[in-house]
Structures are given as C-alpha cells and as structure tokens.
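Dropping the structure here:
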C-alpha cells in the first residue's frame with residue numbers, strides 16, 4: 006500500500022482556497038502603502054488606513070480557518086494511517102514478529118507518523134500559502150518595474166542550485182536517524198520489561214553501556230542531519246539578503262533617475278520582505294517532504310508485511326489429528342523437529358514430554374498455524390489443517406501458554422478476551438472457582454473489574470496462570486493445549502486444578518506440553534521427545550517399563 010502524502014479531500018480544497026484568499030489579501034497591502042506615499046490626499050488617508058485594517062482582519066480570518074481545515078484533514082489521515090499499520094501488525098504472520106523488535110515497531114507507529122503529521126498539518130498548507138505569495142509577488146513586481154524584477158529572479162535559480170543537493174543528502178540522513186531512533190526504542194522497551202533480570206544479575210552497567218551506545222548513534226546521525234539542515238536555511242537567507250542589498254542599490258539609482266517613484270521602491274522592498282518567509286518555506290519544503298517520504302517508506306514496509314489469510318479455506322471437519330513425518334525449523338538449516346509422526350484421537354488426553362529444547366512448544370505453534378512444516382503435514386482425517394479456514398480452525402483451539410499471557414485491563418477483560426458471546430458474572434465466577442481463583446477475586450475491592458496492570462504485573466505468577474486456564478475453559482474449544490501451564494503453581498494447587506479440569510473436560514481433546522511429569526502421569530498417551538524427535542510413546546507405566554531414557558527422565562524428577 007502506497008501512502009500518498011499529497012492526496013486532497015474536501016477540507017484540503019477548502020483550506021487551500023482560504024489560504025489563497027489570505028495570500029491575495031496580503032499582496033494588496035504594499036500597493037495601498039504605495040498609494041499613500043505617492044500622493045494620497047489627507048482626506049484619503051483615513052480611507053486607506055481603514056482598507057488596510059479590513060485586509061488585516063480578512064487575512065487573519067481566512068488564514069486561521071484554512072490552517073484549521075488542514076489540521077482536521079491531517080489528523081484524520083494520520084489516525085487512518087496508524088489504524089492501518091496497527092491492523093497490519095495485528096494480522097501479520099508470526100514469523101514477522103520473530104525478526105522484529107517491539108520497540109522499533111512502536112517507534113514506526115508513533116515517530117514516523119508524527120513526521121508525516123507535521124508535513125500534512127504545517128508544511129503542506131505553508132507551501133500553498135508560500136507559492137501563492139511568491140507567484141503573486143512576481144506578477145505585481147513585474148508590473149511595478151520589470152527591470153528590478155528581472156534582476157531579482159535571475160538570482161533565484163542560483164539559490165535552488167545550492168539547496169536541492171543539500172535536501173537530497175538530508176533525506177538520507179533523516180531516514181538513518183529514524184531507523185536509529187526505532188532501534189533505541191526497541192532496546193529501551195526490552196530493558197525496561199526485563200528490569201528484574203537486569204537487577205538480579207547486577208547487569209545495570211553493561212545495559213547502560215548498550216543504551217548509551219544506542220543514544221550516541223542517534224546523536225551522531227542527528228548531528229549529521231542537523232549539519233546539512235543548518236546549511237540550507239542560512240544559504241537561502243544569504244541569497245535573499247544579498248538580493249535585497251542589490252535591489253536597494255539599483256532601486257535607489259532608478260528613483261534618482263526618475264524611472265520609478267519612491268512609493269514604488271518602498272512597496273517593492275516590502276514585497277521582498279514578505280517573500281522572505283515564503284521562500285524559506287519553499288526551501289524547507291523539500292527537506293521536510295524528503296523526511297516525510299522517508300517515514301512513509303518505513304510505514305509502507307510495515308503495511309506490506311505478509312498477513313495471515315483468514316478468508317477462504319475449507320470448513321473444519323473430521324476428528325483427531327495426525328502428524329505425518331513433520332520436519333520443521335525456524336531456520337531451514339537448523340531443524341527443531343525431525344520426522345514427527347503420531348496420532349491424537351478425539352477426546353484423548355495426551356502429552357508431549359521431554360527435556361528442554363526438544364521441540365515440545367514448537368508443536369503447539371504448528372497446531373496454531375503460526376508456522377507451516379518444512380516438509381510433512383498435520384492432518385485431520387484426510388485434510389491438511391493448513392487447508393482449513395484459519396479463523397474457524399483457531400476457534401477450535403484454546404491455548405494456555407507458559408508465558409503468563411495476560412493483557413492490561415481488568416480480570417473480566419482478560420477472561421472474556423476474544424469471546425463472541427455475552428458471559429454473566431455468575432458464569433465467570435464459576436469458572437474462577439474451578440481454578441481455585443474465585444475466593445481471591447471476591448476478596449478484591451473491585452472484584453472482576455480489578456485492574457491486572459501491564460502484562461498482569463499486579464497478579465502473582467500463579468494467579469496469572471490460573472486466570473489463563475479459566476479463560477481457556479470459557480472458550481469451550483474442542484482442542485485444549487496446556488503448554489507448561491502449571492509451572493507457577495505449587496504441587497497441591499497443580500494437582501487440584503488438573504484433576505478438576507480433567508473431570509470438566511471429559512469430551513475435549515487435551516494436549517499437554519510438559520517438562521514436569523507430575524501433570525501427565527494419568528494421560529491416555531505420552532509422546533517422549535528427545536533430540537527433536539519422538540523416541541517413544543505409551544502410557545506412563547508402559548514408557549517407564551520399556552523406554553530407558555524416559556525411565557531415567559522420571560527418576561531425575563523423583564517420580565515413582
């Protein structure tokens with residue numbers, strides 16, 4: 006999607022019209038002053054002053070309304086761009102987030118759109134007003150004295166010859182600066198989120214060094230950009246003031262020679278002073294437009310990120326799941342799963358067990374269709390799950406992750422996340438009781454409306470996990486996935502919750518990812534993973550008797 010910075014709408018057209026009127030009124034003032042100097046009678050002075058007053062009022066009124074209309078249009082466009090970018094990120098493929106830093110994405114949405122906002126609300130209307138002032142002044146100046154005017158406009162191409170190359174360099178440095186700011190934002194976001202890790206490892210100094218280095222890179226690129234920008238305006242002003250000096254000298258000669266009147270020379274000089282700001286705006290426009298163009302490219306890149314396809318696909322049908330020789334790696338040269346082949350029947354409670362790094366959680370990500378296998382397939386009867394409608398498929402799955410996935414908002418907000426039906430408070434409390442969280446919520450002053458804080462920081466680890474489990478139960482999905490979902494619970498709470506859930510989820514297919522075996526002893530089938538492949542399957546008792554590595558794994562955890 007291309008962002009068209011100069012796209013016009015009704016408000017832009019109306020705003021432009023009013024700014025043009027404001028500029029035309031400004032062009033009348035020097036002519037009125039010329040009439041006063043060159044021979045207005047005393048009787049006409051009051052009339053001329055009153056005309057000037059009306060022109061000032063009209064100019065201010067038209068200009069104010071014009072800029073306001075541009076602001077309305079610009080803010081609407083920026084809000085639309087931000088919504089589009091956020092929508093694109095929300096629906097982006099999982100692999101995109103694996104390669105991106107959250108802070109850099111946030112920086113693009115906030116900083117790059119702010120650059121474009123400045124262009125739309127300030128620079129764009131300024132250039133319209135400035136162009137009218139410059140073009141109108143050219144017409145009036147040539148009508149006053151074409152000799153002086155010709156001398157003036159011979160010098161303008163010289164100025165543009167200097168300014169344009171500087172603007173191109175400025176665009177390059179501006180883009181680099183935005184990239185460095187995005188990287189700094191990403192690093193800062195990560196370090197703030199992991200402040201406990203930093204403190205417990207006494208890593209404050211090394212982290213500060215990393216952030217200081219990022220800040221210095223931002224500073225260096227900012228100085229390079231400012232160095233170029235600092236040359237542009239002075240060069241423009243230098244040419245303008247040099248031109249004024251030449252005009253005064255040559256104009257004084259033409260007055261003394263009788264070619265023009267004093268009033269003509271004064272009005273000519275007033276027009277020149279009126280042109281200072283418009284010419285500066287025109288010179289600055291190229292720089293700001295280049296910067297905005299650079300920001301729009303960054304946003305266009307985000308808008309071009311591959312999206313998950315929720316439309317099309319077959320309706321979900323069939324029972325059970327079959328992993329058919331599945332190979333997968335986040336990098337093709339580094340496999341995470343090798344030749345995974347197994348069957349999960351409808352209503353079965355199964356577990357994937359194994360040491361850390363054996364690929365257990367990756368299986369969940371394949372089931373959720375965050376990724377596709379490099380080879381092999383996951384089937385529901387004879388259909389690949391990747392041929393199903395993605396939205397319908399995910400509605401069949403509920404997942405409790407090991408990362409305490411809780412969003413800022415209330416307990417109610419988190420319980421009802423993604424639900425497409427109304428849920429009563431009684432139903433919510435019943436589910437919370439099921440995971441032994443109901444009494445704790447009742448004891449809170451705000452109850453279900455209690456805020457959990459950013460990433461659930463007002464909750465304990467155990468409360469966050471139980472809240473996730475309750476949310477999963479509310480979804481009433483056909484397939485439930487528990488990915489190390491009781492890691493933050495004590496043994497008693499873990500056993501109690503698992504027992505209750507197994508009883509409540511009799512008809513559901515339950516997939517458990519576990520490193521700790523206490524949660525999976527009673528499942529229908531355990532698949533043991535080591536070295537990224539399944540090396541054994543069966544009940545806990547069968548594996549204990551027939552699988553040496555599993556037996557040793559159990560012994561290490563002191564499970565009888």
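In our numbering, the protein residues as written are 6 to 565.
We put the CB at the ideal spot given by N, CA and C, even for glycine.
Model, not experiment: these values are computed from the prediction.
Query	Result
Secondary structure, beta strand (DSSP E): runs of 3+ residues fully inside the segment 78 to 142	none
Start-to-end residues for the alpha helix (DSSP H) that takes in residue 270	267 to 308
Assumed close pair residue 112, residue 220 - CB separation to whole angstroms, cut-off 8 angstroms	The pair is not a contact, with the Cβ atoms about 14 angstroms apart (cut-off 8 angstroms).
Residue 428 in three-state terms, based on DSSP	coil
Length of the line joining the Cα atoms of residue 25 and residue 451	57 angstroms
Exposure of residue 551, with buried meaning 16 or more beta-carbon neighbours within 10 Å	exposed
Collapsed DSSP secondary structure at residue 313 in the structure displayed	coil
Status (buried if at least 16 other CB within 10 Å, exposed otherwise) for residue 364	buried
Beta-carbon proximity of residue 119 to residue 292, cut-off 7 angstroms	no
One or two residues paired with residue 518 in a DSSP bridge	357, 488
Secondary structure of residue 471, DSSP reduced to three states	helix
Cβ-based burial, residue 404 [other Cβ within 10 Å; buried from 16]	buried
Start-to-end residues for the alpha helix (DSSP H) that takes in residue 39	15 to 42
Pairwise C-alpha distance: residue 282 and residue 299	25 angstroms
Boundaries (first-last residue) of the alpha helix (DSSP H) holding residue 444	443 to 448
Selection from 360, 307, 379 that minimises the alpha carbon distance to residue 338	379
Test item: CB-CB of residue 71 and residue 30 under 7 angstroms	no
Burial state of residue 557, where buried means 16 or more other Cβ atoms lie within 10 Å	exposed
Residue 381 (DSSP reduced to helix, strand or coil)	strand
Inter-residue Cα distance where the pair is residue 465 and residue 457	10 angstroms
Nearest candidate by alpha-carbon position, reference residue 348, set 87, 519, 218, 543	543
Residue 141 versus residue 15: straight-line alpha-carbon distance, rounded	24 angstroms
Nearest-angstrom Cα separation, counted from residue 96 out to residue 395	12 angstroms
Counted within 10 angstroms of its Cβ, other Cβ atoms place residue 133 as buried (16 or more) or exposed	buried
Nearest-angstrom beta carbon gap, residue 190 and residue 109 [assumed within contact, 8 angstroms]	6 angstroms
Residue 429, buried or exposed, once every other Cβ within 10 Å from all chains shown has been counted against 16	exposed
Cβ distance (whole Å) where residue 226 is taken to contact residue 182 below 8 angstroms	4 angstroms
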